[in-house]
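In full-length UniProt numbering, the protein residues as written are 1 to 97.
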């Protein structure tokens with residue numbers, strides 16, 4: 001027996017979030033999910049470096065995101081807010097590639 005299914009995908013006319021730089025957003029999301037079972041805080045410290053802890057904490061506060069949460073709990077809108085806050089803190093350019 002073979003079960004089959006058809007899935008139809010419809011492209012959105014409007015994105016879920018307005019992004020200034022989709023590449024940096026992608027880097028942020030990938031960094032947030034880099035290590036399974038780690039908190040967002042730990043993954044961001046790895047991504048942006050230990051010397052930027054105060055700026056990371058400030059960006060999380062600005063974005064109204066709990067540092068102890070895990071990346072899978074965030075929505076696309078949460079990531080977009082965090083991306084804007086990290087950009088305002090001038091951290092986006094400092095992400096480790």
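Just so it is clear, CB atoms sit at the ideal spot from N, CA and C, and this is done for glycine as well. Quick caveat: nothing in here was measured; it's all calculated off a predicted structure.
| query | Taking Cβ to Cβ, would you say residue 25 is nearer than 9 Å to residue 71? | reply | no
| So which of 92, 17, 52 and 83 has the shortest CA-CA distance to residue 65? | Comparing alpha-carbon positions, the option among 92, 17, 52 and 83 lying closest to residue 65 turns out to be 83.
| residue 49 to residue 22, Cα distance in whole Å? | Distance between the alpha carbons of residue 49 and residue 22 is about 21 Å.
| query | Is residue 89 near residue 69, with beta carbons less than 9 Å apart? | reply | no
| message | Helix, strand or coil for residue 89? Go by DSSP, reduced to three states. | response | coil
| Contact belief for residue 81 with residue 20 at Cβ below 8 Å, rounded distance in angstroms | At roughly 12 Å, the Cβ-Cβ gap does not stay under 8 Å, so residue 81 and residue 20 are not in contact.
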